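Numbering-wise, full-length UniProt numbering puts 79 at position 79 of the sequence shown, and it's gapless, one number per residue.
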Amino acid sequence: MKTLFLIIGAPGSGKTTDAQIIAQNNAQKIVHYSTGDLLRAEVASGSEQGKLIDSFVSKGNLVPLEIVVSTIVGAIKNAPKDVIIIDGYPRSVEQMEALDSQLQGQSDVVLKSVIEVEVSEEVARDRVLGRARGADDNVEVFNNRMKVYLTPLQEIESFYSNKNLLHKINGERTIEEIVADMQSFILQQL
């Protein structure tokens, strides 16, 4: 039986860093994936699914929803550990519903919790613009990414709240405090 945790949060909330540290701290039982990494790994594997993904990505097109979800579900099933953390998913109501419907048909994967790392828009903006790692770390792009994150958020929160799966964590503390809080929560669910 695989146990799945999803971590969502605004750009700059620290969700990827938190997930990476927790997976490193618990390497014997937890594996961490990001959606983009999963798609790239599938392409690199040379599988039929990978070729299909590459046919979209190589033209700069978005990978269709069903393919993204089946890639995630495949990675979960083939994960080398029984506890999987995926950050940055779902990003839309459609992604949430598609994963939910896939999981309904699975007896070997259970979604334990969706952890939301909460930060104010101001803190998120300061972090993203403060790190300014690339061309996409500017005010205009940040504002768009924030809008993309916030638009479906209420519906995603409601959906997972109604299933008693949503767990919110204050992301406006030190990385050590956030990781300790999140890690403790995850380990209690196992």
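A virtual CB, placed ideally from N, CA and C, is assigned to each residue, including glycine.
Since this is a predicted model, take the numbers as computed values, not measurements.
Counting C-beta neighbours from all protein chains within 10 Å, is the total for residue i 16 or more, i.e. buried, or is it exposed?
i, result
"L62", "exposed"
"T35", "buried"
"K86", "A quick correction: the sequence has Ile, not Lys, at residue 86. Buried: at least 16 other Cβ atoms inside 10 Å."
"G14", "buried"
"I22", "buried"
"G60", "exposed"
"D126", "exposed"
Checking 9 Å against the spacing of the C-beta atoms, do residue i and residue j come in under that value?
i, j, result
"L111", "L6", "yes"
"V114", "N26", "no"
"I178", "I169", "yes"
Comparing C-alpha positions only, which one of the options sits nearest to residue i?
i, options, result
"residue 194", "K29, D54, A180 and G130", "The question about residue 194 has no answer, for the chain in this structure spans 1 to 190."
"T71", "K59, Y89, N162 and S58", "Y89"
"K2", "I53, K77, F159 and Q20", "K77"
"S143", "E155, L52, V128 and I156", "Ser is not the amino acid found at residue 143; the sequence shown has Asn there. Cα-wise, what sits closest to N143 is V128."
"E172", "Q24, S161, E66 and E116", "E116"
For this session: Assess, as a yes-or-no matter, whether the stretch 104-114 is touched by the stretch 40-54 under the definition of 3 or more beta carbon pairs within less than 8 Å.
Result: no
For this session: Kindly confirm or deny that the stretch 93-100 and the stretch 36-46 touch, where touching means at least three C-beta pairs closer than 8 Å.
Result: no
Exercise. At which residue ranges does the stretch 84-158 contain complete alpha helix (DSSP H) runs of 4 or more residues, listed in the order of the chain?
Worked result: 93-104, 121-131 and 139-150
Exercise. Using 8 Å as the Cβ pair cut-off and three pairs as the minimum, do the stretch 1-14 and the stretch 120-128 touch?
Worked result: yes
Exercise. Enumerated in chain order, which unbroken segments of the alpha helix (DSSP H) with a length of 4 residues or greater are wholly contained in the stretch 2-88?
Worked result: 15-25, 35-45, 48-57 and 65-78
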